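Some notes on the structure that comes next.
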């Protein structure tokens with residue numbers, strides 16, 4: 288979807304495949320799924336495993352607050368939860384994610400400190416290489432996540448392991464599945 292909407296997977300009447308980019312649960316055994324190609328899959332939980340969130344985080348979702356919205360929904364479900372931690376999975380890497388002024392502006396207008404995640408593209412005026420995982424890490428930590436683990440695997444450069452729309456021009460998907468352990 289490439290947005291920032293979050294669904295409570297525990298709510299009554301939730302569609303089997305809601306058109307959102309993130310979901311949350313506090314129900315052990317309830318599976319959250321995120322489909323990605325070059326965007327980042329992100330899993331967030333608290334130290335005691337009271338609540339879980341999973342998000343699809345591309346540049347639009349990140350700049351639109353998908354991770355912050357996911358954390359807000361998680362905090363609403365588990366107000367006493369502490370010790371936030373996140374895992375950011377494979378996605379397009381900073382050596383190949385070329386973006387224009389619109390993407391740079393989407394982040395730096397919100398917080399000028401994010402400029403450090405953009406490197407001018409050598410020899411190409413008006414283009415930058417963006418560190419999507421670095422931006423996710425920045426936004427998670429700014430939102431109060433204490434531990435962030437970045438996979439740093441690149442979907443574009445690791446063709447033997449991952450689908451990549453940017454690399455192949457075809458839509459393949461990887462799925463992230465996450466759940467709270469019922470035991």
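Residue numbers (the working numbering): 288 to 470. Virtual Cβ for every residue (Gly too), placed ideally from N, Cα, C. Note that the coordinates shown come from a computational prediction; the quantities given were computed from them, not determined experimentally.
key: Three-state secondary structure assigned by DSSP to residue 377   = One-based indexing of the chain shown puts residue 377 at position 90. Coil, per DSSP.
request  = List in chain order: all unbroken alpha helix (DSSP H) runs of 4+ residues lying wholly within the region 377–405.
outcome  = 388–395, all fully within the region 377–405.
query = What are the partner residues of residue 445, as DSSP defines its beta bridges?
reply = To locate residue 445, count along the chain shown from 1; it is residue 158. In the DSSP output, where bridge partners are listed per residue, residue 445 has none listed.
request  = Could you work out which residue in 294, 298 and 316 is closest to residue 470 when comparing CA atoms only?
outcome  = Counting from 1 along the chain shown, the entry for residue 470 is found at position 183. That would be 316, whose Cα lies nearest to the Cα of residue 470.
Element boundaries [beta strand (DSSP E), containing residue 343] = Indexing the chain shown from 1 puts residue 343 at position 56. Where residue 343 is concerned, the enclosing beta strand (DSSP E) stretches over 339–344.
ask   = Along the chain, which unbroken stretches of the beta strand (DSSP E) at least 3 residues long are found entirely within the region 295–369?
value = Those beta strand (DSSP E) runs which fall completely within the region 295–369 and span 3+ residues are 309–312, 319–323, 327–332 and 339–344.
Beta-bridge pairing of residue 372 - partner residues as DSSP gives them = Translated into positions along the chain shown, residue 372 becomes position 85. Looking at the DSSP assignment, residue 372 forms a beta bridge with 332 and 434.
inquiry  = Can you tell me whether residue 463 is buried or exposed? The criterion is at least 16 other CB atoms within 10 Å of its CB, across all chains shown.
reply    = Position 176 of the chain shown, counted from the first residue, corresponds to residue 463. In this structure residue 463 is buried. Its beta-carbon is surrounded by 16 or more other beta-carbon atoms within 10 angstroms.
ask   = beta strand (DSSP E) containing residue 419: first to last residue?
value = Residue numbering aside, residue 419 sits at position 132 when the chain shown is read from its first letter. Where residue 419 is concerned, there is no enclosing beta strand (DSSP E), although the alpha helix (DSSP H) it sits in stretches over 419–429.
ask   = If we ignore side chains and look at the alpha-carbon of each, how far apart do residue 374 and residue 436 end up?
value = One-based indexing of the chain shown puts residue 374 at position 87. One-based indexing of the chain shown puts residue 436 at position 149. Straight across, the Cα-Cα distance linking residue 374 with residue 436 is about 5 Å.
ask   = Could you give the residue range of the alpha helix (DSSP H) that holds residue 453?
value = As a working note, residue 453 is residue 166 in the chain shown. Looking at the DSSP string, the run of the alpha helix (DSSP H) that includes residue 453 is 452–455.
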